[in-house]
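Written below as structure tokens is the structure these notes are about.
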Amino acid sequence: DAMVIQNPRYQVTQFGKPVTLSCSQTLNHNVMYWYQQKSSQAPKLLFHYYDKDFNNEADTPDNFQSRRPNTSFCFLDIRSPGLGDAAMYLCATSRDRVGEERETQYFGPGTRLLVL
Amino acid sequence: AQSVTQLGSHVSVSEGALVLLRCNYSSSVPPYLFWYVQYPNQGLQLLLKYTSAATLVKGINGFEAEFKKSETSFHLTKPSAHMSDAAEYFCAVKKTSYDKVIFGPGTSLSVIP
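These protein sequence lines map, in sequence, to chains B and P.
Per the numbering used here, the first sequence starts with residue 162, numbered consecutively.
Per the numbering used here, the second sequence starts with residue 1277, numbered consecutively.
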């Protein structure tokens, strides 16, 4: 089945130690998103890629970076995790074609990050 | 700016009872509206979406929602709750197809046996 995959499902890191979360998709969607979701809160969009074009949300901290080496993969890098960065990180994809409606987002299962 | 409110952060229903989760949006034009469900430690799954076609939208797992422009509402209902419906439910909106999705704060649904 076509899907959005996130690895690992649980990640433990130390305060200030860089960490990378990964997302891959078999849907061949051209748009990929990263959301941060803290406990009992709605997902918050960090940034998204439209094809290779990176679009950062205005309030996303500089501590968060992203890479998209190809259509299928997207990475979230947290350069110096703080205790406040402990959250669920959700990857999502959608298909967007010129002249057509941007389709629904499909979400991966998420990676829960714990910062010690 | 788009916004979404969900009345009731926690809703409890008995198994077999009607499920009603409320969602109101602020928008000057009919937006795109969505309901997502999130089970514990899982990603979000689309239940249904409204995109200016029929005002009554049927989704997966027996859920449906009705778009009421006069009330700026998009409430989610299910006639008979199952234990497996216990989850977090998010209403979401976007003004146009190309805008980012704005999520509501979520409603946690508990189903009592």
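We put the beta carbon where it would ideally sit given N, CA and C, even for glycine.
Check, Outcome
"Taking DSSP as the reference, what is the three-state secondary structure of B:M193?", "strand"
"Between the alpha carbons of B:K205 and P:S1290, how many angstroms are there, rounded?", "32 Å"
"Could you pull out every residue in the same chain whose Cβ sits closer than 7 Å to the Cβ of B:G271, ignoring the five residues on either side in sequence?", "Q167, M249, Y250, L251"
"Would you please verify whether the beta carbon of P:G1335 is less than 7 Å from any beta carbon of chain B?", "no"
"Helix or strand or just coil, what does DSSP make of P:E1364?", "strand"
"What residues in the segment 240-274 of chain B bring their beta carbon closer than 9 Å to a beta carbon of chain P?", "M249, L251, C252, A253, D257, E261, E262, R263, E264, T265, Q266, Y267, F268, G269, P270, G271, R273"
"Drop a sphere of 10 angstroms on the beta-carbon of B:S185, count the other beta-carbons inside from all chains shown, and report buried for 16 or more, exposed for fewer.", "buried"
"Where B:Q172 and B:R228 are concerned, what is the direct C-alpha to C-alpha distance, given to the nearest angstrom?", "19 Å"
"Please name the residue in P:A1341, P:A1357, P:N1337, P:H1358 whose C-alpha comes closest to that of P:S1350.", "Going by the sequence as given, residue 1350 of chain P is Phe instead of Ser. Closest by alpha carbon: P:A1341."
"In the DSSP assignment, the beta strand (DSSP E) including P:K1345 goes from what residue to what residue?", "No beta strand (DSSP E) contains P:K1345, which DSSP labels as neither H nor E."
"How many Å lie between P:L1324 and B:L275 at the Cα?", "32 Å"
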